[in-house]
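Only one structure is covered here, and it is reproduced in the block below.
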């Protein structure tokens, strides 16, 4: 028994260690330093410096990121990044606030808590080569720039030159030097070099470099003893004859733990072979070369092609692989997207008749598979909206009573199979909701219907806290009351959760007023946005941001006629707000109660963004073009009588 206990203990420790290592190897966000604002700097007690990183979010969820406090180093603004997107992290180094021994290590970039502080349980740092190295120096410092940052030379060929500019107004650069890595065949050409030990303020000089007799790609550093940060220069030495390559496709979509994909490489040169052909996969990626399906070798003959095969790993990611040779004119990038699904996503569709909540499978962008009833709650009223939280663990169903009677929002757990279970009221049933939006920081915002019973209650915007475990709403209170007669049937939030955009309709002295309110959630104030289109006789409904949060999509219908519906696309960053009709003709079954959601499908090996919209008895799928416009709209064959609310499960 004692030996068994020891074995169990050892096994537990090993399993824990494996989990810890796996977590450590899969950061949710990673860092790339900006060569123009590198993390290695020298700052005097009276000086300042700027350090910049590009942060890549490997999660499908958006994040607002802040650094753990560092003496003398401050972040200019939170790094707000969309799912699979990037953001810029800019740090200001203040010399008089730095510790005497400087700062070596970090920054630690963390998920922002609702109160603005860093969540120390979810932080990541740059790789060792990109960590902060901030030295505090006693004398004055100088800054330099170099041009170009990339130098292309030929084996045994002529020299190339780099211009160094001292950008300091009063301080000379001392100890100016070009540091060439040991082992490189590159040398400084003294005949054509004008740089010396000292470079006066506001002056420039030239470093000239001679290639050796070897193909190589090296990074040299231009620096000085009092320079705030060294500036890298990439020197590419290629063979006398260069080749050009193309790749097809330029984007590859794979599935976690799924089959490999292939990219064809073509040498378009008529006489020159590609030497040193290579596919450079980022070190943080889980993508690997599939050797059994790879025909590319070190050499690719003129006018010939070969194949690189790529295996997805066990992590969803979006990476760029650079394919090049030692004598190619340039590298060619291939984007590899690894998704968590095979484009067989799950969706939830609410309806005006039983079954009120339907679980549907989207097969490569289409609602063609019969849907099944889901949810263990006794629904008796229309489900006009379905909202899924940012973690994909809970679904919120907005009920609607045509008489305007208050009904609770129902919150359900989403099982691993996608079913809705444990459904229960999320609020106290005292409000008649029209639309709901959830923030990523534990807040819920909803609009209410006009209550005609005496005393009449106008439509309002409410805010609630959301319990992180149960998902229930607490502390619900009105933060803005719309004008009398105004109905607000749609709400969506900006990426940073600081603004809400609310669609509205209303009559004032017999005149229809409709459009979009922009609500500042920090001041709790809403204003109608001027718009470029005349929306006479249009009734607006559901409104949502697209996945990149730069365009608003809003359903509209004229006089309740299903043959006169359309989807409006509006750009909230313009003033007045630029809006256009996304469909070339009205109709398409779009009605006041239609809802919009987004997804994607695979077309010829590429990921094609999709917009889904509920129409009276099914869901219509539309392709989205690069400008956000819609085309190739097709109604699904799955029947959902009175389809209204719609949400796509982000976890499938």
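Numbering (mature numbering (1 follows the signal peptide of the UniProt record, and there is no 0)), first residue to last: -24 to -1, 1 to 628. Where a beta carbon is used, it is the ideal one built from N, C-alpha and C, also for glycine.
- request: Could you have a look at residue 518 and say whether DSSP puts it in helix, strand or coil?
  value: In the structure shown, residue 518 adopts extended strand secondary structure according to DSSP, grouped into three states.
message: On a Cα-Cα basis, can you pick out the residue from 218, 192 and 118 that is closest to residue 142?
response: 118
- request: Return the bridge partner residues of residue 324 from the DSSP annotation.
  value: According to DSSP, residue 324 bridges with 335 and 623.
- request: Count the other C-beta atoms from every protein chain shown that fall within 10 angstroms of the C-beta of residue 246, then say buried if there are 16 or more, exposed otherwise.
  value: The residue in question, residue 246, is exposed, as its Cβ has fewer than 16 Cβ neighbours within 10 Å.
- prompt: Count the other CB atoms within 10 Å of the CB of residue 542; is the residue buried (16 or more) or exposed (fewer)?
  reply: Looking at its Cβ environment, which holds 16 or more other Cβ atoms inside 10 Å, residue 542 is buried.
- request: Figure out for me which residue from 123, 67 and 138 has the closest Cα to the Cα of residue 107.
  value: It is 67 whose Cα lies nearest to the Cα of residue 107.
- prompt: Which one of 310, 292, 525 and 131 has the shortest CA to CA distance from residue 193?
  reply: Distances from the CA of residue 193 to each of 310, 292, 525 and 131 were compared; the closest alpha carbon is that of 131.
- prompt: What residues match up with residue 477 in a beta bridge as DSSP calls it?
  reply: 468 and 494
- request: Spell out the partners DSSP gives residue 390 in its beta bridges.
  value: 396
Limits of the unbroken beta strand (DSSP E) element including residue 88: 85 to 88
- request: Answer yes or no: do residue 464 and residue 524 have a C-beta to C-beta separation smaller than 7 angstroms?
  value: no
query: How would you write the range of the beta strand (DSSP E) that residue 528 sits in, first residue to last?
result: 528 to 534
Neighbourhood of residue 408 by C-beta, 6 angstroms cutoff - its chain only, sequence neighbours within 5 removed: 380, 382, 424 and 425
- prompt: Where does residue 430 sit, in a helix, a strand or coil, going by DSSP?
  reply: Unreliable positioning characterises residue 430 in this predicted model, as indicated by a pLDDT of 43, which lies under 50. A coordinate reading is not provided.
task: Taking residue 586 and residue 575 to be in contact with their CB atoms under 8 angstroms, please state how far apart those CB atoms are, rounded to whole angstroms.
output: 5 angstroms
- prompt: Does the Cβ of residue 453 have 16 or more other Cβ atoms within 10 Å, making it buried, or fewer, making it exposed?
  reply: exposed
query: Sorted by chain position, which residues of the same chain lie with C-beta nearer than 6 angstroms to residue 554's C-beta, five sequence neighbours on each side aside?
result: Only 508 and 547 meet the Cβ criterion.
query: Given a threshold of 16 other Cβ atoms within 10 Å of its Cβ, counted over all protein chains shown, does residue 294 qualify as buried or as exposed?
result: buried
- prompt: Any idea if residue 182 is buried or exposed, counting beta-carbon neighbours within 10 angstroms, 16 or more meaning buried?
  reply: exposed
message: Between the alpha carbons of residue 607 and residue 433, how many angstroms are there, rounded?
response: 41 angstroms
- prompt: Quick one: any contact between the stretch 93 to 111 and the stretch 2 to 21, if contact means 3 or more CB pairs under 8 angstroms?
  reply: yes
message: Quick check: the Cα distance between residue 339 and residue 467, rounded to an integer number of angstroms?
response: Each residue's CA atom was taken as its position, placing residue 339 and residue 467 some 28 angstroms apart.
- prompt: Would you call residue 53 buried or exposed, if buried means 16 or more other Cβ atoms sit within 10 Å of its Cβ?
  reply: exposed
message: On the CB-based measure, 16 or more other CB atoms within 10 Å of its CB, does residue 151 come out buried or exposed?
response: exposed
query: Using a Cβ-Cβ cut-off of 7 angstroms (strictly less than) and excluding sequence neighbours within five positions of residue 360, which residues of its own chain qualify?
result: Taken in chain order, the residues that qualify are 326, 374, 376, 569, 620 and 621.
message: Tell me the rounded alpha-carbon separation between residue 613 and residue 233.
response: 31 angstroms
query: Expressed to the nearest angstrom, what Euclidean distance is found between the alpha-carbon atoms of residue 445 and residue 367?
result: 12 angstroms
field: Pair within 7 angstroms by beta-carbon distance, residue 496 and residue 516
entry: no
Backbone CA spacing between residue 136 and residue 165 [nearest angstrom]: 9 angstroms
query: Do the stretch 110 to 125 and the stretch 85 to 92 touch if we need at least three Cβ pairs shorter than 8 angstroms?
result: no
message: Please return the same chain residues whose Cβ sits closer than 6 angstroms to the Cβ of residue -3, not counting the five positions on each side in sequence.
response: Because the pLDDT at residue -3 is just 34, under 50, the model does not fix this residue reliably, and the point stays unresolved.
- prompt: For the candidate residues 238, 217 and 219, whose alpha-carbon lies nearest to that of residue 634?
  reply: The structure shown has nothing for residue 634, since the chain only spans -24 to 628.
query: Can you tell me whether DSSP reads residue 105 as helix, strand or coil?
result: For residue 105, the secondary structure class from DSSP, reduced to helix, strand or coil, is helix.
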